[in-house]
Amino acid sequence: MPSQLPSQFSSTANIQSTRKALRLQIRQARRSLSDEQQLACSQLAAKHTLEALISRKVKCVALYLSNDGELDTQPLIDGLWQNGVDVYLPRLHPFSAGNLLFLRYDKGTQLLKNHLGIWEPKLDITQMILTHQLDVVITPLVAFDLQGNRMGMGGGYYDRSLSNWQQQHRPLPIGYAHDCQQVEALPCEHWDVPLPFIFTPSHCYSFEQ
2 MPSQLPSQFS STANIQSTRK ALRLQIRQAR RSLSDEQQLA CSQLAAKHTL
52 EALISRKVKC VALYLSNDGE LDTQPLIDGL WQNGVDVYLP RLHPFSAGNL
102 LFLRYDKGTQ LLKNHLGIWE PKLDITQMIL THQLDVVITP LVAFDLQGNR
152 MGMGGGYYDR SLSNWQQQHR PLPIGYAHDC QQVEALPCEH WDVPLPFIFT
202 PSHCYSFEQ
């Protein structure tokens, strides 16, 4: 069921304060899921997401390592590896603040925690891929609505990485989230990049025009 917005989220509320409060609400909802629920959800989401990706014959997929109650991506990563798909992880750009690099990820990749407390690959330019060379980028998100709008943590990293995807027709962005992260409507900014697909444990939402 979609999360209901509390009454204090009125149409006259400041967008930034509304987004901040909504982030707190949804992050708490996903953190409240038990380990058993997390495991079941991650397996269900991985199953139909993998089927969709394999049907598109993808070769290079970027996703992320889960954090803070996010839908666990490891079952999906394992499925991609088993099907011969190259997997890439984001890391913060060392010289360009607010931007991401994508590096190949396999079982031997050395991971380090960044200043946000998120695991990322150690910098190795031989393992780097340009964003437009990826087939798909599976994005983390805090909340989404049924117009395909996505709200992240506020850093804008993925909005910058995906800002030109419609002109270049790649990489295809796909949201990945728990069902409890759906809300009725999101307060959006002009730089927010809507998603053509969002996958949850129970649904495959398509917003393609």
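The numbering of the sequence shown is the working numbering, which starts it at 2 and goes up by one.
Yeah, the Cβ is synthetic: ideal placement off N, Cα and C, and Gly gets one too.
Keep in mind that this is a model prediction, so the values were computed, not measured.
Where residue i falls, given that 16 or more other Cβ within 10 Å makes a residue buried
i: residue 96; result: exposed
i: residue 132; result: buried
i: residue 149; result: buried
i: residue 183; result: buried
i: residue 126; result: exposed
i: residue 186; result: exposed
i: residue 144; result: buried
i: residue 176; result: buried
i: residue 36; result: exposed
i: residue 179; result: buried
i: residue 118; result: exposed
i: residue 11; result: Caution applies to residue 11, whose pLDDT of 44 falls short of 50 and renders its modelled position unreliable; the value that the coordinates give is listed next. Classification for residue 11: exposed.
i: residue 33; result: exposed
i: residue 204; result: exposed
i: residue 71; result: buried
i: residue 109; result: exposed
i: residue 153; result: buried
Under the three-state DSSP convention, the category residue i falls into
i: residue 79; result: helix
i: residue 74; result: coil
i: residue 44; result: helix
i: residue 87; result: strand
i: residue 173; result: strand
i: residue 65; result: coil
i: residue 207; result: strand
i: residue 183; result: strand
i: residue 32; result: helix
i: residue 160; result: helix
i: residue 24; result: helix
i: residue 194; result: coil
Beta-carbon gap between residue i and residue j smaller than 9 Å
i: residue 140; j: residue 65; result: yes
i: residue 229; j: residue 164; result: As displayed, the chain neither begins before 2 nor continues past 210, which places residue 229 out of reach and without an answer.
i: residue 81; j: residue 104; result: no
i: residue 1; j: residue 174; result: The structure shown does not extend to residue 1, since the chain spans only 2 to 210, so no value can be given for it.
i: residue 46; j: residue 201; result: yes
i: residue 28; j: residue 69; result: yes
i: residue 115; j: residue 142; result: no
Short CB-CB distance (under 9 Å) between residue i and chain B
i: residue 152; result: The structure shown has no chain B; it contains just one protein chain.
Paired residues, beta bridge with residue i - DSSP
i: residue 92; result: 102
i: residue 151; result: 145
i: residue 199; result: 176, 206
Check: residue i C-beta below 8 Å from any heavy atom of the ligand HEM
i: residue 44; result: Within the structure as shown, the ligand HEM is missing, as the structure has no ligands at all.
Exercise. Can you list the beta strand (DSSP E) stretches of 3 or more residues lying completely in the region 94-145, in chain order?
Worked result: Taking only runs of at least 3 residues, the beta strand (DSSP E) segments lying wholly in the region 94-145 are 101-106, 112-114, 120-122, 137-140.
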